[in-house]
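Read the structure below first, then the notes.
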Amino acid sequence: MKREINPQESNRAKAFQLWMSSPMPMVTLVKTLDVSRLVKASKKSDIKFTTLMCWCIGKAASQVEEFFTLPEKGKLFQYDRLAINVIVTNRYNGLNSCDIPFSEDLKRFNQDHLELTHKAENECKSSFLEDYMIIGTSAMTQTELDCIVNQYTDQFCNPMVMWGKYRKGLLKTTLPVSFQFHHVQMDGGHAARFLQRLQDVINNTDALNEAYNKR
């Protein structure tokens, strides 16, 4: 559910006052993640690496209160559920946008991801979830990237996680991740804690067991 709230009665009151009218309110943090366990889980479960990344992002974000509020057109809204947006290359080589509802159940999330992206690929239509706080993602896996800074438009204030191709090393596999967010939604400290939670989720063998035991 999505509902408008009074910014002055929220814990983002000061940030709303400072940053809502800023011409450039977006902040980008970059962190290199150890994704060794995620690569292993993907190979053992046949769940795509990008799907696992999206699930881990949703899992980490669900533990951060600030992800459930979002500024939009001078107002502040509160949500009670999250979704992950992915970009799909359709059968005509065009691009479509697809919102995947986040579920704690990894199998359910994987099923929704497969069904919705397959539909977007074949029907060449974007799909959106209006009552969810959407976390954007962009996986440019054709090449290794150090950092991504996205363009800003006041039509899209949602947080976004972006990455390129992961890097295989002798002892571990790493992935630089760029996280862009609106300063009204959260501060740098919240964003840094989210990135650490994301690493913790990736490292958590209990959370990844569903992927290991899918077969």
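The sequence shown runs 1 to 215 under the working numbering. Note that CB positions come from ideal geometry on N, CA and C, so glycine has one too. The structure presented is a predicted model; accordingly, all values stated were derived computationally and were not measured.
Local Cβ density within 10 Å of residue i, reported as buried at 16 or more and exposed below that
i, result
"SER191", "One point to set straight first is that residue 191 is Ala, not Ser, in the sequence displayed. Looking at its Cβ environment, which holds 16 or more other Cβ atoms inside 10 Å, ALA191 is buried."
"PHE128", "exposed"
"ARG215", "Low confidence applies here, because ARG215 scores a pLDDT of 48, under 50, leaving its location unreliable; read the following figure in that light. So ARG215 ends up on the exposed side."
"VAL149", "exposed"
"ARG227", "The structure shown does not extend to residue 227, since the chain is modelled only from 1 through 215, so no value can be given for it."
"MET1", "exposed"
"ARG37", "buried"
"SER45", "buried"
"SER42", "buried"
"ASP236", "Absent from the structure is residue 236, since the part of the chain shown begins at 1 and ends at 215."
"LYS59", "buried"
"LEU18", "exposed"
"CYS98", "buried"
8 Å Cβ cutoff met for residue i and residue j
i, j, result
"ILE84", "PHE102", "yes"
"ASN90", "THR51", "no"
"LEU171", "LYS31", "no"
"MET20", "TYR152", "no"
"THR137", "ILE57", "yes"
"LEU82", "MET133", "yes"
"LEU256", "GLN155", "One cannot answer for residue 256 here, as it falls past the ends of the chain, which runs 1 to 215."
"ARG12", "VAL201", "no"
"CYS124", "ASN93", "no"
"VAL64", "ARG193", "yes"
"LEU116", "ILE100", "yes"
"LEU220", "TRP55", "The structure shown does not extend to residue 220, since the chain is modelled only from 1 through 215, so no value can be given for it."
"ALA61", "ILE5", "no"
"GLU144", "LYS165", "yes"
"VAL39", "THR173", "yes"
"GLY188", "LEU29", "yes"
Where residue i sits in the DSSP three-state scheme
i, result
"LYS14", "helix"
"GLU9", "helix"
"GLU66", "helix"
"ARG215", "For ARG215, the pLDDT reaches just 48, beneath the cut-off of 50, and the residue's location in the model is therefore unreliable, although a value from the coordinates is still provided. Of the three classes helix, strand and coil, the one that applies to ARG215 here is coil, per DSSP."
"GLU218", "The chain is shown from 1 up to 215; residue 218 falls before or after that span and cannot be answered."
"GLU130", "coil"
Inset, instruction - Taking only runs that begin and end inside the region 134-203, name each unbroken beta strand (DSSP E) of 3 or more residues, in chain order. - result: If only uninterrupted beta strand (DSSP E) runs of at least 3 residues are considered, those enclosed by the region 134-203 are 160-163 and 173-182.
Inset, instruction - Kindly confirm or deny that the region 59-71 and the region 114-126 touch, where touching means at least three C-beta pairs closer than 8 Å. - result: No, the region 59-71 does not touch the region 114-126.
Inset, instruction - With a floor of 3 residues, list each beta strand (DSSP E) that falls wholly inside the region 18-61, ordered by position along the chain. - result: Entirely contained in the region 18-61, the beta strand (DSSP E) runs reaching 3 residues are, in chain order, 26-34.
Legend entry - Cβ pair count under 8 Å reaching 3, the region 155-171 against the region 180-189: Yes, the region 155-171 is in contact with the region 180-189.
Inset, instruction - Starting from the N-terminal side, write out each stretch of the beta strand (DSSP E) that is 3 residues or longer and does not extend beyond the region 75-127. - result: As summarised for the region 75-127, the continuous beta strand (DSSP E) elements at least 3 residues long and confined to that stretch are 75-79, 82-89 and 95-101, given in chain order.
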